[in-house]
Amino acid sequence: MHTKSLTTLEYPKILKRLAAHTTFSVAAELAEQLRPTPHYTEALERQAETAEARRLLAEQPDTGVGGARDVRPLLEQARRAIPIPPQGFLTLAHTLIAARNLRRKLTRLEDRYPRLADIAWRLEENSGLIHHIHQTVDDAGRILDTASSELARIRREAEIAHSRLQEKMRRLLASEKVSPYLQENLITQRDGRYVLPLKAEFKGRIRGIIHDQSASGATLFIEPASVVELNNRWRQLQLEEEQEIHRILQALTAQVAERSKFIAATVQALAELDLLFAKARYAEAMDAVSPRLVDPAAPPAPA
């Protein structure tokens with residue numbers, strides 16, 4: 030059918046309304062790309078698919094692709110060996126879990142919904158990748174200690190180093206040789222290192238490294254010489270943690286890249302199912318009735 034004819038029939042408006050019933054952006058794209066088929070058997074098949082989806086949602090209205098997102102940009106990022114950020118892995122895991130849940134549900138109901146199950150069989154389980162993501166990233170997007178034994182070791186050592194550094198700084202703060210020269214009785218940070226707020230007029234009274242000064246110039250932020258080594262150790266462990274996290278994200282990204290073809294196929298199948306559910310919801314909203322189709326190749330009925 031020509032584009033002009035479809036426009037006259039307000040077909041694009043119908044597709045937009047259909048797209049509004051999808052819950053997955055990739056399905057919305059498919060909805061707006063739909064075109065009528067001139068083939069009788071294909072039209073019958075489309076009707077049958079929609080009828081199955083409508084019947085399923087009537088019986089189990091909670092069925093859907095909840096949690097799924099368009100992860101195709103993340104797959105492209107993985108293929109280009111650009112590390113996926115923690116939140117990206119969470120999005121990917123939610124999508125894969127939605128696919129796995131829907132696959133299991135529809136394949137169990139294959140006898141009753143064979144057409145939906147045919148599509149569901151194309152949804153990959155990806156249980157191994159889901160497990161690795163959950164072992165690596167928590168729900169807040171923080172890299173877990175379980176991501177690697179090396180990361181767990183670094184964090185344990187960093188915690189010990191930080192505790193020692195804090196204890197040393199507290200002792201300096203309470204020392205009669207230090208506290209009289211301080212602007213305030215507090216420990217603060219400059220450039221990621223712990224420092225004390227020294228009154229500018231007492232510069233030189235405390236041996237150490239000046240990292241910064243206040244806007245007024247009245248306060249100098251000094252790293253006492255006695256904590257330089259402790260600060261160095263703590264900062265070194267922080268850098269090691271950052272490097273290990275980068276390595277972990279690279280390795281997990283490589284796993285995604287290896288499975289990107291299968292994940293992309295899963296996204297496509299999810300979109301097809303969500304589109305069928307959207308057709309079912311749209312049909313229900315209009316209280317639609319499936320039309321009876323006539324095979325153009327069949328001989329005419331006798332008068």
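Residue numbers 30 to 332, in this note's numbering, belong to the letters of the sequence shown in order. C-beta atoms are modelled at their ideal positions from N, C-alpha and C, and glycine is treated no differently.
Label residue i either buried or exposed according to how many other C-beta atoms from any shown protein chain fall within 10 Å of its C-beta, with 16 as the threshold for buried.
i: Met-198; result: buried
i: Ile-111; result: exposed
i: Ala-317; result: exposed
i: Ala-314; result: exposed
i: Gln-62; result: exposed
i: Thr-36; result: exposed
i: Leu-125; result: buried
i: Arg-236; result: exposed
i: Glu-196; result: exposed
i: Pro-253; result: buried
i: Pro-143; result: exposed
i: Leu-268; result: exposed
i: Glu-205; result: exposed
Who are the near neighbours of residue i in its chain, counting only those whose CB is closer than 7 Å to its CB and skipping five residues on each side?
i: Leu-266; result: Ile-183, Glu-186, Ala-187, Ala-190
i: Pro-226; result: Leu-211, Gln-212, Glu-213, Leu-215, Thr-217, Thr-248, Phe-250
i: Ala-312; result: Thr-79, Arg-83
i: Leu-194; result: Tyr-223, Val-256, Leu-259, Asn-260, Trp-263
i: Ala-300; result: Phe-53, Val-55, Ala-56, Leu-59
For residue i, which residues of its own chain have a beta-carbon under 6 Å away from its beta-carbon, when the five flanking residues on both sides are left out?
i: Glu-154; result: Arg-129
i: Arg-219; result: His-240, Asp-241, Phe-250
Could you spell out the range, first to last residue, of the alpha helix (DSSP H) harbouring residue i?
i: Gln-106; result: 101 to 108
i: Tyr-223; result: Taken as a continuous stretch (DSSP letters only), Tyr-223 belongs to no alpha helix (DSSP H), being part of the beta strand (DSSP E) at 222 to 228.
i: Leu-249; result: From DSSP, Leu-249 is part of no alpha helix (DSSP H) but of the beta strand (DSSP E) over 248 to 253.
i: Lys-42; result: 40 to 49
i: Ile-274; result: 257 to 287
i: Ser-34; result: 32 to 37
i: Arg-84; result: 69 to 88
i: Leu-63; result: Per DSSP, Leu-63 belongs to no alpha helix (DSSP H) and is neither H nor E.
For the ligand MN, is there any heavy atom lying closer than 6 Å to the beta carbon of residue i?
i: Arg-264; result: What this structure holds is no ligand at all, so the ligand MN is not there to describe.
Bridge partners for residue i per DSSP, in chain order?
i: Asp-140; result: For Asp-140, which the question treats as bridged, DSSP gives no partner whatsoever.
i: Leu-194; result: Answer is none; Leu-194 lacks a bridge partner.
i: Leu-211; result: Leu-227
i: Ile-172; result: Val-166
Ordered along the chain, which non-local residues of its own chain (more than five positions away) have a Cβ less than 8 Å from that of residue i?
i: Gly-246; result: Ala-229
i: Leu-73; result: Leu-322
i: Ala-334; result: Residue coverage of the chain in this structure runs from 30 to 332, which leaves residue 334 outside it and unanswerable.
Under the assumption that residue i contacts residue j (Cβ atoms under 8 Å), give the Cβ distance between them as a whole number of angstroms.
i: Thr-51; j: Asp-324; result: That pair is no contact at about 31 Å.
i: Val-100; j: Phe-53; result: Not really, about 11 Å apart at Cβ, beyond 8 Å.
i: Leu-85; j: Thr-165; result: Wrong, their Cβ atoms sit about 35 Å apart, outside the cutoff.
Could you spell out where the beta strand (DSSP E) holding residue i opens and where it closes?
i: Gly-157; result: No beta strand (DSSP E) holds Gly-157; the alpha helix (DSSP H) holding it covers 156 to 165.
i: Ile-238; result: 237 to 242
i: Arg-219; result: 217 to 219
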